[in-house]
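Residue numbers (the numbering used here): 82 to 406.
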């Protein structure tokens, strides 16, 4: 993945918590092409790992994806920020960023036979990749409906641009307004499993979409999603031991860290990418013990087998796991 040095050309407050940044090369030259759903990895001073931010594209012209002269990011200021969103919200015009990408782990698929309307669902800052999908669908003349939900209407970033782009295909939802509160069950009851669903937003929203869609016999191949959140402790999490059978090392995994975290701290070199349990890169074979699966990669059958685990996010139900690492 190539590294780019970009300069901030514009900063806009899109909602009380979300700012957008327009980034360009200093010489104004063309940037690498990207597809809807793509993101940049942004290096943040003081943080070991880069932060990923989706590219926002709200103009339907195909050239904006194929030969962009600027990138646009949307960043939500997080209350529990570890430094990434605070740094991004502190940037001003003229500041520079070192980024890698674009990379796309959440692509928009080609139109299937029959070309049923695509259902786009976004919650909060999850609008950033989903807005780009709406623009690409509009450019391709493909039918879609965009459901955009937030705590209140003033929290819906990019709303005027989305209205201009999508027209009646945009359905805004606000939690504090009973007349337009998001009703996932009603939405899916009115849709058909032939349609493709794309959802991005909080973990609770994504979990609900997956659960409700599967309950209505939606094939997994038609349910597409992207999480912004990485592994986070859950109530009741306990420390456990992990034995790395190939090296014989035994590690203690505390309640607030992952297997990957501790392996890195102890000088191991585990393979991983997303750290959200989506990509499968960190998969390991379980030789002993019972995994506590928290990923979105394995099938229900694979999880039930207890034979493999995604070590970037999943934990142990047993006091000890033995992994073939």
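All residues carry an ideal CB built from backbone N, CA and C; glycine is no exception. Predicted, not measured: the structure shown is a model, and the values here were computed from it.
By the criterion of a C-beta distance shorter than 8 Å, residue 394 is surrounded in its chain by 311, 312, 339, 356, 357, 358, 375, 376, once the five residues flanking it on both sides are discounted. For residue 244, DSSP records no beta bridge to any residue.
By the 16-neighbour rule on beta-carbons within 10 angstroms, residue 276 is buried. Closest in C-alpha terms to residue 231, from the list 180, 286, 298, comes 286. Residue environment: residue 95 is assigned as buried (16 or more neighbouring CB atoms within 10 Å of its CB, all protein chains considered). For residue 237, the secondary structure class from DSSP, reduced to helix, strand or coil, is coil. For residue 394, the secondary structure class from DSSP, reduced to helix, strand or coil, is coil.
If you draw a straight line from the Cα of residue 159 to the Cα of residue 99, it comes to about 9 Å. In terms of Cα proximity to residue 211, the closest of 185, 137, 331 is 137.
Within the DSSP bridge table, the entry for residue 331 names 324 as partners. Distances from the alpha-carbon of residue 219 to those of 229, 189, 235 put 189 closest. The three-state secondary structure of residue 382, taken from DSSP, is helix.
Counted as a single uninterrupted DSSP element, the beta strand (DSSP E) harbouring residue 366 occupies residues 364-369. The three-state reading of DSSP puts residue 372 in strand, counting E and B together. According to the DSSP assignment, residue 184 belongs to no alpha helix (DSSP H) but to the beta strand (DSSP E) extending over 177-184. When DSSP reads this structure, residue 204 sits in a beta bridge with 230. If you draw a 10 Å sphere on the C-beta of residue 209, you find 16 or more other C-beta atoms in it, and that means buried. Residue 146 carries a helical assignment under DSSP once its states are collapsed to helix, strand and coil. Taking 8 Å as the cut-off, the Cβ atoms of residue 347 and residue 273 do not count as close.
At the C-beta level, residue 392 and residue 351 come within 8 Å of one another.
Collapsing the DSSP output to three states places residue 220 in a helix. Under the criterion of beta carbons closer than 8 Å, residue 139 and residue 239 qualify as touching, at roughly 6 Å. The beta carbon of residue 176 is closer than 6 Å to those of 89 in its chain, skipping five residues each way along the sequence. Judged by DSSP in its simplified three-state form, residue 139 adopts coil rather than helix or strand. According to DSSP, residue pairing for residue 306 in a beta bridge involves 280.
Residues of the same chain with a CB within less than 6 Å of the CB of residue 148, apart from the 5 flanking positions on each side, are 111 in chain order. In the displayed model, residue 266 falls within a helix according to three-state DSSP. Nearest neighbour of residue 143 by Cα position, chosen from 221, 400, 204, turns out to be 221. In chain order, 122, 181, 182, 184 place their CB closer than 8 Å to the CB of residue 82, counting only its own chain and leaving out the 5 sequence neighbours on each side.
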